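Chemist:
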Amino acid sequence: MLEYFDALINGFLGTVRWTWKSILFEVPWYNNYFWGLILISLVVWSFEILFPWRKEQSIFRKDFWLDAFYMFFNFFIFAIAVAGIYKLLELGFGALGIGMDSLAVISLEALPMWAELLVFFVVLDFVQWLTHVALHRFDIFWRFHKVHHSVEEMGFAAHLRYHWMENILYKPLKTIGVMLLGGFEPEQAFIVHFVAISIGHLNHANIHITWGPLKYIFNNPVMHLWHHAYNIPSGKRYGANYGISLSLWDYLFGTASIPEDNPDIKLGYPGVEKMPPNFWRQLVYGFKKE
Ligand SMILES: [Zn+2]
Ligand SMILES: [Zn+2]
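Just remember that the numbering used here sits 94 ahead of the position in the sequence shown, which is counted from 1.
1) Verify whether the separation of the beta carbon atoms of F250 and H298 is less than 8 Å.
2) Give, in chain order, every unbroken run of the beta strand (DSSP E) that is at least 3 residues long and sits entirely within the region 127-171.
3) For V217, I'd like the list of residues in its chain whose CB is within less than 8 Å of its CB, leaving aside the five on either flank, ordered along the chain.
4) Kindly indicate which three-state DSSP category F232 falls into: helix, strand or coil?
5) Return the Cβ separation of N335 and W320 in integer angstroms, given the expectation that the two are a contact with Cβ distance under 8 Å.
6) Just list the residues that DSSP pairs F312 with in beta bridges.
7) Is A323 helix, strand or coil when you go by DSSP?
8) Tell me which residues share the same chain as G391 and place their Cβ nearer than 7 Å to its Cβ, disregarding the 5 neighbours each side in the sequence.
9) Straight-line CA distance for S135 to I293?
10) Run the CB neighbour count on W343, radius 10 Å, all protein chains shown included, and call it buried at 16 or more, exposed below.
11) Roughly how many angstroms lie between the CA atoms of I153 and L183, to the nearest whole one?
12) Distance check for N261 and T225, CA to CA, integer angstroms please.
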């Protein structure tokens, strides 16, 4: 019993310590997600200011500060809050004989580094695409995902405005993805994580990027804006363009739709006016049916 209590406390304290050391630059630069997130945000924000797609949109658009807070909440505060519980689960599964390597089908170690990272990136992105489809398809999940879709003026920081329950819903499939790949992240996984944060920021940014012919592989702001459209493109019942970093899955599975290249489409969803405007009320939103 004591062992479980220890895991809970150590998981929590370990994450607090790691976050604090990151703030003080006491961790390797490539593992510093605190300052990494700030740096990527400042770069993408500068692009928005220099080359805005919606020229009349304010630099501090509607809910800018709410979204900026969400970035730190979802990445750090929430991670600290649940770290102990995840450690506890790991220990519990281990006691049942289920380890991170029990599902391994591909051994990443046998691959050259670039292929290892590529497989890791593609598998994780697919798993997240699938989770995202489920968030739209099932009402019990959609209630939480509405927080992300309550964005009415789009900008980079909207990327990380999402209900904390999404962290929990994404976790099992992401873990299974890592388990299939041998049970641990490649040593250079930080490259994949930073690339994914950058693409996610760009997808939500007020910048006109389409990637030309690469648009069939990579998601982009024109495509993702239609994911946030108030009026779902015709023929797509639950939504279109579920892609996270890659647009590939939407083209493969027929869920891609870009009716026009238009920066000014109405965003949100029918009923968006019922979304509480402040963080604390959004925190407890979605647990009961409206
Ligand atoms: Zn969505
Ligand atoms: Zn989005």
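The C-beta atom is built at its ideal place from N, Cα and C for all residues, glycine as well. Remember, it's a predicted structure, so these values are computed and weren't measured experimentally.
Modeler: If we stick to the structure as given:
1) For this step, residue 250 is matched to residue 156 along the sequence shown. For this step, residue 298 is matched to residue 204 along the sequence shown. Result yes, Cβ atoms of F250 and H298 sit closer than 8 Å.
2) none
3) On the sequence shown, position 123 is the one that residue 217 refers to. Cβ neighbours of V217 beyond the five flanking positions: G271, L274 and L275.
4) To locate residue 232, count along the sequence shown from 1; it is residue 138. Coil, per DSSP.
5) Taking the sequence shown and counting its residues from 1, one reaches residue 335 at position 241. Taking the sequence shown and counting its residues from 1, one reaches residue 320 at position 226. About 5 Å separates the two Cβ atoms, so the contact holds.
6) Here residue 312 is taken as the residue at index 218 of the sequence shown, counted from 1. In DSSP, F312 forms a bridge with L340.
7) For the purposes of this step, residue 323 is taken as residue 229 along the sequence shown, with counting starting at 1. DSSP places A323 in strand when its eight states are reduced to three.
8) Beyond the ends of the chain as shown, which are 95 and 384, falls residue 391; an answer cannot be given.
9) In the sequence shown, the residue the question calls residue 135 occupies position 41. In the sequence shown, the residue the question calls residue 293 occupies position 199. Approximately 11 Å, taken between the alpha carbons.
10) By one-based count along the sequence shown, residue 343 stands at place 249. When all chains shown are included, W343 counts as buried.
11) As a position in the sequence shown, residue 153 is number 59, starting the count at 1. As a position in the sequence shown, residue 183 is number 89, starting the count at 1. Taking the straight line from one Cα to the other gives about 43 Å.
12) One-based indexing of the sequence shown puts residue 225 at position 131. One-based indexing of the sequence shown puts residue 261 at position 167. If I take the Cα positions, the gap works out to 11 Å.
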